[in-house]
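*Asks:*
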Amino acid sequence: MAVCARLCGVGPARGCRRRGAAREQRRGAAGDSEPDTDTDPEEAGGGGAAEDEEAAERIEGGRPVPHPAEAGPAGRAPLSLLELPPELLVQIFGSLPGTELPSLARVCTTFRRILRTDTIWRRRCREEYGLCENLRKLEITGVSCRDVYAKLLHRYRHILGLWQPDIGPYGGLLNVVVDGLFIIGWMYLPPHDPHVDDPMRFKPLFRIHLMERKCATVECMYGHKGPHNGHIQIVKKDEFSTKCNQTDHHRMSGGRQEEFRTWLREEWGRTLEDIFHEHMQELILMKFIYTSQYDNCLTYRRIYLPPSSPDDLIKPGLFKGTYGSHGLEIVMLSFHGKKAKGTKITGDPNIPAGQQTVEIDLAHPLQLPDVENLRDFSELSRIVLEVQEQVRREEQEEEQRQDDGDRSPHASSQAVTKSPGEGADGEGTAAGAEGMPQDKAPASQPFVLPMGVISRNKDYPRTCRICFYGTGLIAGHGFTSPERTPGVFVLFDDDRFGFIWLELKSFSLYSRIKVSFQNAEAPSREAFDEMLKNIQSLFS
6 MAVCARLCGV
16 GPARGCRRRG
26 AAREQRRGAA
36 GDSEPDTDTD
46 PEEAGGGGAA
56 EDEEAAERIE
66 GGRPVPHPAE
76 AGPAGRAPLS
86 LLELPPELLV
96 QIFGSLPGTE
106 LPSLARVCTT
116 FRRILRTDTI
126 WRRRCREEYG
136 LCENLRKLEI
146 TGVSCRDVYA
156 KLLHRYRHIL
166 GLWQPDIGPY
176 GGLLNVVVDG
186 LFIIGWMYLP
196 PHDPHVDDPM
206 RFKPLFRIHL
216 MERKCATVEC
226 MYGHKGPHNG
236 HIQIVKKDEF
246 STKCNQTDHH
256 RMSGGRQEEF
266 RTWLREEWGR
276 TLEDIFHEHM
286 QELILMKFIY
296 TSQYDNCLTY
306 RRIYLPPSSP
316 DDLIKPGLFK
326 GTYGSHGLEI
336 VMLSFHGKKA
346 KGTKITGDPN
356 IPAGQQTVEI
366 DLAHPLQLPD
376 VENLRDFSEL
386 SRIVLEVQEQ
396 VRREEQEEEQ
406 RQDDGDRSPH
416 ASSQAVTKSP
426 GEGADGEGTA
436 AGAEGMPQDK
446 APASQPFVLP
456 MGVISRNKDY
466 PRTCRICFYG
476 TGLIAGHGFT
486 SPERTPGVFV
496 LFDDDRFGFI
506 WLELKSFSLY
516 SRIKVSFQNA
526 EAPSREAFDE
536 MLKNIQSLFS
């Protein structure tokens with residue numbers, strides 16, 4: 006602040022007494038150059054309408070006319086920022102972050118006057134929040150770009166990004182974005198089961214907009230009667246809640262039965278009569294009853310997209326996958342050294358949102374047999390169980406080495422590279438070498454599901470790049486007796502993978518969610534790992 010003061014000539018710099026005397030004569034004893042105390046962007050450049058018009062006329066209208074105290078003597082370079090032309094100061098101030106402008110406005114009256122220029126705030130809205138609307142049309146409503154920045158964008162900046170709603174085991178995916186002159190919370194839903202390759206569906210849950218200069222308006226978008234009054238509260242860092250103040254807008258004239266049928270068409274794309282599986286009907290009805298309790302109040306917790314590395318098998322991100330009678334669910338694939346994890350963003354009563362549904366051991370690739378032998382489930386099971394036993398031995402040996410601390414490197418190396426598939430016939434069925442380069446794996450190989458393995462989607466790829474040993478999490482209703490069971494991770498291409506659940510004799514197909522989510526990058530790897538721990542403990 007002291008540096009800024011000396012630059013603009015209001016501090017203890019050369020000539021400040023002469024400039025100060027000139028200001029006192031011009032302003033009297035009002036003391037307009039006293040620093041402001043409020044650092045809110047809403048206050049940066051705040052002032053009366055007459056002063057706003059005067060500043061706009063001087064800065065934006067025609068040839069700029071410098072303030073008498075700002076013009077330096079002819080024939081020498083300006084000694085302070087106050088002696089620069091106002092239009093140049095507008096360019097300088099417009100290049101600064103909007104959060105820094107309130108401090109700048111406290112320096113002196115001249116800076117505060119210049120910060121009333123809408124050109125500055127129009128640029129900040131565009132560069133910081135991607136607002137590309139023609140903001141000049143706001144003049145008709147009497148709302149300035151400074152109002153939009155301070156009362157809408159800056160005020161609600163903490164809720165922009167990806168969020169997971171707290172809806173018990175079901176979870177969800179919410180993306181809050183700046184959309185035109187609105188901030189909108191879009192709930193993303195998987196496509197209808199079992200069409201995993203179809204695009205995501207989305208619907209608005211709430212919106213915030215600026216109707217007048219006083220404050221922003223929050224509206225609930227739930228239901229079928231249009232926008233109505235709502236409320237948003239930022240509970241703490243990375244957590245906020247929404248509340249509907251007019252829940253009667255959520256109700257339908259036909260009562261709960263009409264509401265259920267409407268929900269069923271939107272959620273599943275069918276009617277209850279079309280679903281013949283009795284267990285599936287029970288699961289659907291249970292989800293409707295449970296989620297209906299949250300139609301008036303929801304809490305959201307921030308989630309991040311996983312960070313990527315050039316060494317990753319494929320680009321990490323969000324995928325939609327098939328989960329039997331539970332339908333399609335959203336899973337986040339992330340890489341952690343020699344492990345890859347699939348974390349549920351949406352879940353079900355068996356495996357709730359936040360849990361690690363699959364874990365892939367990238368140190369143990371599998372060499373599948375030819376297509377004819379692959380059709381035999383017992384053959385695939387034999388290969389996987391052999392690798393499982395190898396992994397168990399390696400873990401035991403690692404624990405022993407940590408206890409003893411004196412096992413020879415040669416012996417441990419032999420133990421790691423031993424092939425578990427070498428039986429009496431001498432044929433290797435599993436590639437267990439930990440250091441096997443992935444680029445030596447075949448570019449593609451034929452793939453077919455073994456007989457007896459159930460798949461919701463029959464149109465799965467018939468070729469794959471590489472397979473790895475992995476484990477999948479299974480549990481009873483209510484997440485009872487959870488256990489990790491062996492399986493096969495199958496990489497088809499950059500955007501699709503699958504998992505064969507050996508114990509369930511089931512196959513899940515996953516397809517990448519191709520949506521460019523905004524404000525969703527993790528600030529660091531540590532922040533992302535901490536987020537994974539938090540959402541897992543939340544729904545445990």
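In our numbering, the protein residues as written are 6 to 545.
Where a beta carbon is used, it is the ideal one built from N, C-alpha and C, also for glycine.
Are the beta-carbon atoms belonging to Gly481 and Val493 less than 8 Å from one another?
*Replies:* No, the Cβ-Cβ distance between Gly481 and Val493 is not below 8 Å.
*Asks:* Who are the near neighbours of Met536 in its chain, counting only those whose CB is closer than 8 Å to its CB and skipping five residues on each side?
*Replies:* Closer than 8 Å at Cβ, skipping near neighbours: Arg307, Ile308, Tyr309, Ala527.
*Asks:* Which of the three DSSP states, helix, strand or coil, is assigned to Thr94?
*Replies:* Reading off the sequence shown, one finds Leu at residue 94, where the question assumed Thr. Helix.
*Asks:* Go to Val181, then tell me how far its beta strand (DSSP E) extends in each direction, as first and last residue.
*Replies:* Looking at the DSSP string, the run of the beta strand (DSSP E) that includes Val181 is 179 to 184.
*Asks:* Pro196 and Leu333 - do their beta-carbons sit closer together than 8 Å?
*Replies:* Against a cut-off of 8 Å, the Cβ pair of Pro196 and Leu333 comes out as a contact.
*Asks:* Asp171 and Thr327 - do their beta-carbons sit closer together than 8 Å?
*Replies:* Taking 8 Å as the Cβ cut-off, Thr327 and Asp171 do not qualify as a contacting pair.
*Asks:* With a cut-off of 8 Å, do at least 3 Cβ pairs link the region 267 to 275 to the region 243 to 251?
*Replies:* The answer is no - the region 243 to 251 does not touch the region 267 to 275, with fewer than three Cβ pairs under 8 Å.
*Asks:* For Leu167 and Ile189, what's the separation of their Cα atoms in angstroms?
*Replies:* If I take the Cα positions, the gap works out to 12 Å.
*Asks:* Can you tell me which of the three DSSP states Tyr134 falls into?
*Replies:* It is helical.
*Asks:* Decide if Pro442 is buried, meaning its Cβ has at least 16 other Cβ atoms within 10 Å, or exposed.
*Replies:* Annotation note: pLDDT 43 at Pro442 (below 50); position unreliable, coordinate value reported separately. Per the 10 Å Cβ criterion, exposed.
*Asks:* Hey, would you say the C-beta of Ile350 is under 7 Å away from at least one heavy atom of the ligand NAP?
*Replies:* The ligand NAP is absent from the structure shown, which contains no ligand whatsoever.
*Asks:* Considering Cα atoms alone, identify which of Thr296, Leu543, His229, Leu94 is closest to Lys349.
*Replies:* For the residues Thr296, Leu543, His229, Leu94, the minimum Cα distance to Lys349 belongs to Leu543.
*Asks:* From Ala49, His163, Arg118, pick the residue whose C-alpha is nearest to that of Val240; which is it?
*Replies:* Cα-wise, what sits closest to Val240 is His163.
*Asks:* On the three-state DSSP scale, how would you describe Ala49?
*Replies:* Coil at Ala49, not helix or strand.
*Asks:* Under 7 Å Cβ to Cβ from Ser417, same chain only, skipping five residues before and after it: list those, please.
*Replies:* Unreliable positioning characterises Ser417 in this predicted model, as indicated by a pLDDT of 41, which lies under 50. A coordinate reading is not provided.
*Asks:* Pick from Trp126, Phe98, Ile365: whose alpha carbon is nearest that of Leu496?
*Replies:* It is Ile365 whose Cα lies nearest to the Cα of Leu496.
*Asks:* At which residues does the beta strand (DSSP E) containing Asn539 begin and terminate?
*Replies:* Looking at the DSSP string, Asn539 is not in any beta strand (DSSP E); the run it does join, the alpha helix (DSSP H), is 530 to 543.
*Asks:* Given a threshold of 16 other Cβ atoms within 10 Å of its Cβ, counted over all protein chains shown, does Met192 qualify as buried or as exposed?
*Replies:* By the 10 Å Cβ count, Met192 comes out buried.
*Asks:* Starting from Arg212 and walking both ways along the alpha helix (DSSP H), at which residues does that stretch end?
*Replies:* Careful: Arg212 lies outside any alpha helix (DSSP H), inside the beta strand (DSSP E) at 206 to 215.
*Asks:* For Ile294, is the classification buried or exposed, using 16 other Cβ atoms within 10 angstroms of its Cβ as the cut-off for buried?
*Replies:* Exposed is the call here.
*Asks:* Is it buried or exposed for Ser529, if we count other Cβ within 10 angstroms and need 16 for buried?
*Replies:* Looking at its Cβ environment, which holds fewer than 16 other Cβ atoms inside 10 Å, Ser529 is exposed.
*Asks:* Could you name the residues of the same chain whose beta carbon sits closer than 6 Å to that of Lys230, not counting the 5 residues immediately before and after it, in chain order?
*Replies:* Cβ within range, chain order: His254.
*Asks:* Under DSSP, the alpha helix (DSSP H) around Gln286 begins and ends at which residues?
*Replies:* 283 to 297 is the span of the alpha helix (DSSP H), which, as asked, contains Gln286.
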